[in-house]
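S.K.: Same order as they appear, the protein sequences are chains C and U. Under this note's numbering, the first sequence is numbered contiguously, ending at residue 117. Under this note's numbering, the second sequence is numbered contiguously, ending at residue 135. Idealized CB from N, CA, C, for every residue including glycine.
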Amino acid sequence: AQSVTQLGSHVSVSEGALVLLRCNYSSSVPPYLFWYVQYPNQGLQLLLKYTSAATLVKGINGFEAEFKKSETSFHLTKPSAHMSDAAEYFCAVSVMEDKIIFGKGTRLHILP
Amino acid sequence: EAGVTQSPTHLIKTRGQQVTLRCSPISGHTSVYWYQQALGLGLQFLLWYDEGEERNRGNFPPRFSGRQFPNYSSELNVNALELEDSALYLCASSLVPGLALSQETQYFGPGTRLLVL
Chain C
6 AQSVTQLGSH VSVSEGALVL LRCNYSSSVP PYLFWYVQYP NQGLQLLLKY TSAATLVKGI
66 NGFEAEFKKS ETSFHLTKPS AHMSDAAEYF CAVSVMEDKI IFGKGTRLHI LP
Chain U
19 EAGVTQSPTH LIKTRGQQVT LRCSPISGHT SVYWYQQALG LGLQFLLWYD EGEERNRGNF
79 PPRFSGRQFP NYSSELNVNA LELEDSALYL CASSLVPGLA LSQETQYFGP GTRLLVL
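1) Roughly how many angstroms separate the alpha carbons of residue 101/U and residue 12/C, rounded to a whole number?
2) Note down the Cα distance separating residue 120/U from residue 37/C, rounded to an integer number of angstroms.
3) Are the beta-carbon atoms of residue 24/C and residue 16/C separated by less than 9 Å?
4) Could you tell me whether the stretch 23-32 of chain U touches the stretch 55-63 of chain C, using the rule of 3 or more Cβ pairs below 8 Å?
5) Going by beta-carbon coordinates alone, are residue 78/U and residue 54/U separated by less than 9 Å?
6) Any C-beta of chain C within less than 7 Å: which residues of the stretch 80-114 of chain U qualify?
7) Considering only C-alpha positions, which residue in the set 116/C, 97/C and 115/C is nearest to residue 109/C?
8) Between residue 84/U and residue 71/U, is the Cβ-Cβ spacing less than 9 Å?
9) In chain order, what are the residue ranges of uninterrupted alpha helix (DSSP H) at least 4 long that sit wholly in the stretch 10-52 of chain C?
10) I'd like the span of the beta strand (DSSP E) that includes residue 5/C, first residue to last.
11) Pull up the distance between the alpha-carbon of residue 97/U and that of residue 26/C, whole angstroms please.
Given below as structure tokens:
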């Protein structure tokens, strides 16, 4: 069965510091993996997705994520945090039987 | 190009009442997906409609239902509201049907926030 775990419901980083949001997945078959961002009072927006091509995936707004099969991880990173990055981030996993599972989300706080 | 729109933006109901939420997909998108985002539970898939038919359903009781109209807009109906139905309900649409999202992106609306008292 599929599952996804996001470590840390809240993460705080200083402006300019590295952002690291953790996501671990469980899947019996090669998964598709996604990161979404949700700004206050808005719907979800796709940041990036992994679909079995390159293991390092670059997304919008300077974010990237690396698929590590041995660690069953798909952590989201950004080298330098901006105040505008404050939002809630969701990791999701999907396989071919048309099922998608979202993590519970990590709220990112940016400290001035 | 207009994005996915949802109405109303906010709604307050009492236990036992019924509610209807509405969603208009991006022009040309035939698939509409509904999700529930409840506090502490994250985002959960509710329903997927494509070409007027229900294609897939999440693990929700039958009092959650919906439909898709010929113009591809959609309604989500919730009967016999319970306190735990309080949540943000998100609608998304895609050009190509497929919940797996292997090659397609879903575009999300801003959501309807439902409070059940």
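M.R.: This is what the structure holds:
1) Taking the straight line from one Cα to the other gives about 28 Å.
2) Residue confidence for residue 120/U is low, a pLDDT of 46 falling below 50, so the modelled location carries little weight and cannot support an answer.
3) Cβ atoms of residue 24/C and residue 16/C: closer than 9 Å.
4) At 8 Å Cβ cutoff, the stretches do not touch.
5) Yes, these two residues count as a Cβ contact at 9 Å.
6) Flagged, chain order: 108.
7) Looking at the Cα atoms, 97/C is the closest of the given residues.
8) Result no, Cβ atoms of residue 84/U and residue 71/U do not sit closer than 9 Å.
9) For the stretch 10-52 of chain C, not a single whole alpha helix (DSSP H) run of length 4 or above is found.
10) With chain C covering 6 to 117 only, the question about residue 5/C has no answer from this structure.
11) About 37 Å.
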